[in-house]
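K.L.:
To convert, note that position 171 of the sequence shown is 171 in UniProt numbering; the numbers rise steadily by one, no gaps. Just so you know, even glycine gets a beta-carbon here, dropped at the ideal spot from N, CA and C. Quick one: the structure is below, and I'll ask about it shortly.
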Amino acid sequence: KRIPFGFKYRTLPHFTKDDYSPEARGFVENSYLRGLTPSEFFFHAMAGREGLIDTAVKTAETGYIQRRLVKALEDLSARYDGTVRNSLGDIVQFLYGEDGLDAMIIENQKLGILNMSNTAFEKKYRLDLANPPEWFKHDYEFGNELTGDRPSMALLDEEWERLVHDRTRIRAINRAKGNEEMMQLPLNITRIIESAKRVFNVKANDRSNLRPSDVIPAVQNMLDNMKIVRGTDP
Numbered sequence: 001k002r003i004p005f006g007f008k009y010r011t012l013p014h015f016t017k018d019d020y021s022p023e024a025r026g027f028v029e030n031s032y033l034r035g036l037t038p039s040e041f042f043f044h045a046m047a048g049r050e051g052l053i054d055t056a057v058k059t060a061e062t063g064y065i066q067r068r069l070v071k072a073l074e075d076l077s078a079r080y081d082g083t084v085r086n087s088l089g090d091i092v093q094f095l096y097g098e099d100g101l102d103a104m105i106i107e108n109q110k111l112g113i114l115n116m117s118n119t120a121f122e123k124k125y126r127l128d129l130a131n132p133p134e135w136f137k138h139d140y141e142f143g144n145e146l147t148g149d150r151p152s153m154a155l156l157d158e159e160w161e162r163l164v165h166d167r168t169r170i171r172a173i174n175r176a177k178g179n180e181e182m183m184q185l186p187l188n189i190t191r192i193i194e195s196a197k198r199v200f201n202v203k204a205n206d207r208s209n210l211r212p213s214d215v216i217p218a219v220q221n222m223l224d225n226m227k228i229v230r231g232t233d234p
């Protein structure tokens with residue numbers, strides 16, 4: 001903002017009346033090192049004083065605005081049904097933050113399945129009971145019983161199709177990032193699995209006594225219960 005006319009038709013007595021040149025309207029060409037001219041010294045002092053006052057005034061104004069915002073929001077709370085309500089029970093948001101996620105605990109996690117080839121993905125996550133690998137009968141307590149078991153085969157095939165579909169969907173969501181494998185998730189999946197293994201004392205070398213008919217429905221029920229918006233309204 002240019003220096004206004006403080007005297008009659010001029011900024012300082014150093015200039016003639018009606019002088020609209022940059023130097024007469026507050027332009028400071030020299031630095032402190034080179035040395036200021038008398039008029040530049042005055043302009044520098046005027047601009048500095050205005051800056052100090054402006055900073056002090058803005059601090060007070062923005063502080064008061066922020067205080068009023070905080071006072072208006074301090075009776076809001078996230079309830080157990082996922083809504084955000086005030087002290088009277090009026091709904092402000094049907095879902096906290098519009099996504100139901102706590103921004104404080106979101107963290108970057110690596111999803112190796114995004115760039116994994118189809119062959120590697122199938123080798124790691126698919127189990128064909130019609131022709132199981134050699135390690136299956138040794139590592140699983142019911143390996144011999146499950147080999148060729150049609151109900152278990154149907155469950156595992158359905159689970160495999162679901163994994164392929166989910167992987168395709170995640171790739172579509174992450175398409176804008178290219179080959180980036182890091183995604184922001186509200187829970188650390190690997191850490192949850194490792195914690196559960198420690199709690200139930202599951203060791204990597206132990207033989208598993210879990211059947212597909214036990215695991216897959218339990219996982220699906222857990223996923224069905226993890227709804228962001230609860231309710232049955234279609």
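Mind checking which residues open and close the alpha helix (DSSP H) that includes I170?
P.N.:
Reading the sequence shown from its first residue, position 170 is the one you call residue 170. Residues 150–173.
K.L.:
Run through the DSSP bridge pairs and tell me what L185 is partnered with.
P.N.:
Working through the sequence shown from its first residue, we reach residue 185 at position 185. Paired residue(s): E107.
K.L.:
Just to confirm, is the Cβ distance from F43 to G26 under 8 Å?
P.N.:
Here residue 43 is taken as the residue at index 43 of the sequence shown, counted from 1. Here residue 26 is taken as the residue at index 26 of the sequence shown, counted from 1. For F43 and G26, yes; Cβs fall inside 8 Å.
K.L.:
In the DSSP assignment, the alpha helix (DSSP H) including V215 goes from what residue to what residue?
P.N.:
One-based indexing of the sequence shown puts residue 215 at position 215. Run containing V215: 212–225, per the alpha helix (DSSP H) assignment.
K.L.:
Identify every residue that forms a DSSP beta bridge with V84.
P.N.:
Numbered from its first residue, the sequence shown carries residue 84 at position 84. Answer by DSSP bridge pairing, in chain order: A78, Q93.
K.L.:
May I ask you to verify whether the region 138–148 touches the region 201–209, counting CB pairs closer than 8 Å and requiring at least 3?
P.N.:
With the cut-off at 8 Å, the region 138–148 and the region 201–209 touch.
K.L.:
Taking the alpha-carbon positions, what's the N174 to L52 distance?
P.N.:
Counted from its first residue, the sequence shown places residue 174 at position 174. Counted from its first residue, the sequence shown places residue 52 at position 52. Near 48 Å, if we compare the C-alpha coordinates of L52 and N174.
K.L.:
Taking the alpha helix (DSSP H) that M46 falls in, what are its first and last residues?
P.N.:
Mapped onto the sequence shown, residue 46 falls at position 46. From DSSP, the alpha helix (DSSP H) with M46 extends over 38–73.
K.L.:
Less than 8 Å between the beta carbons of L111 and E50, yes or no?
P.N.:
Counting from 1 along the sequence shown, the entry for residue 111 is found at position 111. Counting from 1 along the sequence shown, the entry for residue 50 is found at position 50. The answer is no: Cβ separation not under 8 Å.
K.L.:
So if DSSP puts N20 in a beta bridge, which residue, or which two residues, is it bridged to?
P.N.:
Translated into positions along the sequence shown, residue 20 becomes position 20. For the record, residue 20 in the displayed sequence is Tyr; it is not Asn. Partner(s): none; Y20 has no beta bridge.
K.L.:
I'd like to confirm the pairing. Which residues does DSSP put opposite F7 in its beta bridges?
P.N.:
Numbered from 1 along the sequence shown, position 7 holds the residue referred to as residue 7. DSSP, once it has assigned bridges, lists R10 as partnering F7.
K.L.:
For Q109 versus N188, is the C-beta spacing smaller than 8 Å?
P.N.:
Within the sequence shown, residue 109 is the residue found at index 109, counting from 1. Within the sequence shown, residue 188 is the residue found at index 188, counting from 1. Yes, these two residues count as a Cβ contact at 8 Å.
K.L.:
Would you call the CB atoms of I212 and S152 closer than 8 Å?
P.N.:
Counted from its first residue, the sequence shown places residue 212 at position 212. Counted from its first residue, the sequence shown places residue 152 at position 152. Just to set this straight, residue 212 is Pro in the shown sequence, not Ile. In this structure, S152 lies closer than 8 Å to P212 by Cβ.
K.L.:
Are L156 and L114 touching if we call contact CB-CB under 8 Å?
P.N.:
Working through the sequence shown from its first residue, we reach residue 156 at position 156. Working through the sequence shown from its first residue, we reach residue 114 at position 114. No, the pair does not count as a contact, with Cβ atoms beyond the cut-off.
K.L.:
Span of the alpha helix (DSSP H) holding E180?
P.N.:
Indexing the sequence shown from 1 puts residue 180 at position 180. Here E180 belongs to no alpha helix (DSSP H), and DSSP marks it neither H nor E.
K.L.:
With respect to the alpha helix (DSSP H) encompassing K1, which residues constitute its N-terminal and C-terminal limits?
P.N.:
Here residue 1 is taken as the residue at index 1 of the sequence shown, counted from 1. Where K1 is concerned, there is no enclosing alpha helix (DSSP H), given that its DSSP letter is neither H nor E.
K.L.:
What number of angstroms, rounded off, separates the C-alpha of Y125 from the C-alpha of I106?
P.N.:
Mapped onto the sequence shown, residue 125 falls at position 125. Mapped onto the sequence shown, residue 106 falls at position 106. Answer to the nearest angstrom: the Cα atoms are 26 Å apart.
K.L.:
What does the alpha-carbon distance come out to for the pair D90 and F5?
P.N.:
Here residue 90 refers to the residue found at position 90 when the sequence shown is read from its first residue. Here residue 5 refers to the residue found at position 5 when the sequence shown is read from its first residue. Roughly 55 Å separates the two Cα atoms.
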